[in-house]
Amino acid sequence: MSHPITQFTNDGLTFDVLDEGPSDGPPVVLLHGFPERSSSWRHVAPLLHAAGFRTLAPDQRGYSRGARPSRRRDYTLRRLVGDVVALVERVGGPVHLVGHDWGASVAWSVAALRPDLVRTLTAVSVPHPAAFVEAMLSSSQLAKSWYMGLFQLPWLPEWAAHRPGGQFERALLRGGMTGPDVERFRAEIVEDGALPYALNWYRAIPFLDPGATGQKVRVPTTHVWSDHDVALARRGADRTEDWVDAPYELVVLEGVTHWIPTQAPAALAEVILERITA
Numbered sequence: 016m017s018h019p020i021t022q023f024t025n026d027g028l029t030f031d032v033l034d035e036g037p038s039d040g041p042p043v044v045l046l047h048g049f050p051e052r053s054s055s056w057r058h059v060a061p062l063l064h065a066a067g068f069r070t071l072a073p074d075q076r077g078y079s080r081g082a083r084p085s086r087r088r089d090y091t092l093r094r095l096v097g098d099v100v101a102l103v104e105r106v107g108g109p110v111h112l113v114g115h116d117w118g119a120s121v122a123w124s125v126a127a128l129r130p131d132l133v134r135t136l137t138a139v140s141v142p143h144p145a146a147f148v149e150a151m152l153s154s155s156q157l158a159k160s161w162y163m164g165l166f167q168l169p170w171l172p173e174w175a176a177h178r179p180g181g182q183f184e185r186a187l188l189r190g191g192m193t194g195p196d197v198e199r200f201r202a203e204i205v206e207d208g209a210l211p212y213a214l215n216w217y218r219a220i221p222f223l224d225p226g227a228t229g230q231k232v233r234v235p236t237t238h239v240w241s242d243h244d245v246a247l248a249r250r251g252a253d254r255t256e257d258w259v260d261a262p263y264e265l266v267v268l269e270g271v272t273h274w275i276p277t278q279a280p281a282a283l284a285e286v287i288l289e290r291i292t293a
């Protein structure tokens, strides 16, 4: 019986982890997105535990208090992938990998670059990175991604987020977040001091390495997209199949916003279990 992993290290940084469920169960690594942290899986993880799986949900780079380097270059996709690789190696073997939002972007690259560490992939909301680029050039995706440009600006996004009830929080509400989830964002991201570092995930985009994003995935994969997502167009979801050379399924959740793990946890857990028990 293995002991719970509460922390792991990589690149001189220390990451916090929620290691829950049966300690001898097959491990499932859950990667959160922006602007959330490991607590975003709080409704999904118990459903996986009930099916006999162990879950490990890290607070990723910029979110863990011991893993907040200041340079935007420290948040390149290769470094984010390296953090997940370090966790999987700490677990001691290949895992079922699940990611939402930015966590899905990282999960796609982990699966592509280190398929030896990934049994299955479930990517939630965000399509394969190459399919996302294709969608930017051929659909409404570019317009939906307006905030990525805004986040490149220094100080302004942080200033907006520090105003309770201000434009930042109103944008989250318009995007489908509930009032309690916005309150959680304020407590876990803004008041905890994580926001400037979390924004560095976006600010590191100019340093993107095509070698980390343009490769096909060769592990069994499910992509989950929701039709009320204001940030991700359907085009990317439809193009993702071309970038998976393995058993693949696209699942569309109707009437659900971008925040699938907190708003449709039962449906998402069912999709994850179908993939990892196939």
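The sequence shown begins at 16 in my numbering and counts up one residue at a time. Glycine included, each C-beta is placed from N, C-alpha and C at the ideal position. On a predicted model such as this, the values are computed, not experimentally measured, just so you know.
If I follow the unbroken beta strand (DSSP E) through residue i, where does it start and stop?
i: Thr35; result: Residue identity check: residue 35 is Glu in the sequence provided, not Thr. Where Glu35 is concerned, the enclosing beta strand (DSSP E) stretches over Leu28 to Glu35.
According to DSSP, is residue i part of a helix, a strand, or is it coil?
i: Arg134; result: strand
i: Thr24; result: strand
i: Val267; result: strand
i: Ala72; result: strand
Where do the ends of the alpha helix (DSSP H) carrying residue i lie?
i: Pro109; result: Looking at the DSSP string, Pro109 is not in any alpha helix (DSSP H), and its letter there is neither H nor E.
i: Val232; result: Run containing Val232: none; DSSP gives neither H nor E here.
i: Trp216; result: Leu210 to Arg218
i: Ala261; result: Here Ala261 belongs to no alpha helix (DSSP H), and DSSP marks it neither H nor E.
i: Asp196; result: Gly194 to Phe200
i: Thr277; result: Ile275 to Gln278
i: Pro225; result: Pro225 to Thr228
Cα-Cα, which of the options is closest to residue i?
i: Ser120; options: Ala281, Tyr217 and Ser154; result: Tyr217
i: Pro326; options: Ala279, Leu288 and Arg233; result: Residue 326 lies beyond the range of the chain shown here (16 to 293); nothing can be said about it.
i: Asp224; options: Arg93, Gln22 and Phe49; result: Arg93
i: Gly208; options: Arg76, Thr236 and Leu45; result: Arg76
i: Ser155; options: Ile287, Leu283, Gly48 and Ala246; result: Ala246
i: Gly164; options: Ile220, Glu35 and Val100; result: Ile220
i: Pro235; options: Glu289, Val59 and Thr70; result: Glu289
i: Pro50; options: Val113, Pro130, Trp117 and Ser160; result: Trp117
i: Phe23; options: Gly40, Asp39, Asp98 and Phe68; result: Asp98
i: Val271; options: His115, Gly191 and Leu187; result: Gly191
i: Pro37; options: Ala248, His177, Ser54 and Gly67; result: Gly67
i: Pro73; options: Ala65, Thr228, Arg87 and Val96; result: Val96
i: Leu265; options: Asp253, Trp274 and Ile275; result: Asp253
i: Pro15; options: Ile20, Val139 and Leu112; result: Outside the modelled stretch of the chain, which goes from 16 to 293, sits residue 15, for which no answer is possible.
For the ligand ATP, is there a heavy atom less than 6 Å away from the beta-carbon of residue i?
i: Val106; result: Among the components of this structure there are no ligands whatsoever, and the ligand ATP is therefore not found.
Check the C-beta distance from residue i over to residue j and give it rounded, since I have them as a contact under 8 Å.
i: Leu71; j: Val44; result: 5 Å
i: Gly48; j: His115; result: 5 Å
i: Thr228; j: Ser124; result: 6 Å
Fill in: Completely contained beta strand (DSSP E) runs for the stretch 234 to 259, where each covers 3 or more residues
DSSP runs (the beta strand (DSSP E)) wholly in the stretch 234 to 259: 236 to 241.
Item to complete: Could I get the ranges of all uninterrupted beta strand (DSSP E) runs contained in the stretch 129 to 189, with 3 residues as the minimum, in chain order?
Response: You should have 133 to 139.
Worksheet item: Going along the chain, which unbroken runs of the alpha helix (DSSP H) with 4 or more residues stay wholly within the stretch 43 to 87?
Response: Segments of the alpha helix (DSSP H) lying fully in the stretch 43 to 87: 60 to 65.
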